[in-house]
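Using my numbering, read the sequence shown as starting at 2 and increasing by one per residue.
C-beta atoms are modelled at their ideal positions from N, C-alpha and C, and glycine is treated no differently.
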Amino acid sequence: AGERRIVALVGPTGVGKTTTIAKLAAGFRLEARRRVALLTIDTFRIAAVQQLRAYAEIMDLPMEVVQNPEEMGGALERLGEADLVLVDTAGRSPRSDSRIEQLHGMLLAARPDETHLVLSATSSREATQSILDGFSAVRPTAAILTKLDETPQLAGMLGALEGRALPLSYVTTGQQVPDDIEVADAETLVRNLLATHILTIPMGLSGCRHVA
């Protein structure tokens, strides 16, 4: 009780990391009554910082912007009243080793308790496998599946996750904040699969988990 957790979201560009952070923040603040703070290291896109700051202002959450690993300690200290810090990161190409290494350096400074790899359900099996391989360097502890509402086909995505020992934590099904996000349990996945007329899930997927 009272222990602070730091949770980072990582992934390629365009998968909805910032919106997902906002959904998680709203859920934990409004429903779980957690003291939530936001921290962004996505300084490559001014729009991303502005978007997260807008969410922070709407929800009355403290927020820090970190430019380099040396600033991380001070930023986390200023967020000391929070018991859950959600970290937004810049989208990275899984094929850019230098960018992934830079992200890894920031995460080493943040020392997150959990690192969730955000994946779009619209990605092909091959693209998903490339993302999983590229981001393995930052050692994700779980995966979040976004845009379930935008694809009629999940078999390729789930097939890529099969055997990766990377549990699913959440799924998102739209753009609405704080709605359109659910804990990724078997019932949720089956319901979405049935809704898109796909009736099978690859066996061997890791057990689902979510932010503590």
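Taking the DSSP output, what are the residues bridged to residue i?
i: S121; result: T147
i: T116; result: A9
i: V88; result: A9, L40
i: V66; result: T41
Would a C-beta distance cut-off of 8 Å place residue i and residue j closer than the cut-off?
i: A161; j: L133; result: yes
i: L118; j: G28; result: no
i: T90; j: L104; result: yes
i: L80; j: E102; result: no
i: D84; j: R30; result: no
i: L39; j: A76; result: no
i: K148; j: A111; result: no
i: T21; j: Q176; result: no
i: A23; j: V178; result: yes
Work out the CA separation of residue j and residue i for me, nearest whole Å.
i: R36; j: V67; result: 20 Å
i: I7; j: R54; result: 18 Å
i: Q130; j: S124; result: 10 Å
i: G106; j: K18; result: 19 Å
i: A9; j: V88; result: 4 Å
i: E163; j: V50; result: 34 Å
i: D150; j: L159; result: 15 Å
i: S217; j: E115; result: No information on residue 217 is available, as it lies outside the stretch 2 to 213 that the chain covers here.
i: T174; j: V86; result: 24 Å
i: D61; j: A128; result: 37 Å
i: Q52; j: I182; result: 18 Å
i: Y56; j: R126; result: 32 Å
i: R140; j: E58; result: 31 Å
i: E71; j: E78; result: 13 Å
i: R46; j: G92; result: 9 Å
i: A2; j: I42; result: Residue placement at A2 is flagged as unreliable, the pLDDT there being 44, under the threshold of 50; the coordinate-derived value follows with that caveat. Going from the Cα of A2 to the Cα of I42 covers about 28 Å.
Nearest to residue i by alpha carbon, out of the options?
i: I145; options: L25, R5, G74; result: L25
i: T142; options: A33, T21, L169; result: L169
i: S94; options: S137, Y171, P63, V172; result: S137
i: G15; options: D181, A48, Y171, D61; result: A48
i: N69; options: T44, E58, Y56; result: T44
i: L120; options: S97, E78, R140, V172; result: V172
i: P113; options: M73, R126, E82; result: M73
i: R1; options: G135, R46, I42, Y56; result: Here the chain has residues from 2 to 213 only, and residue 1 is not among them.
i: E82; options: I59, A57, P63; result: P63
Tell me, please, whether the CB atom of residue i is closer than 8 Å to any CB atom in chain B?
i: P113; result: Absent here is chain B; the protein component of the structure consists of one chain.
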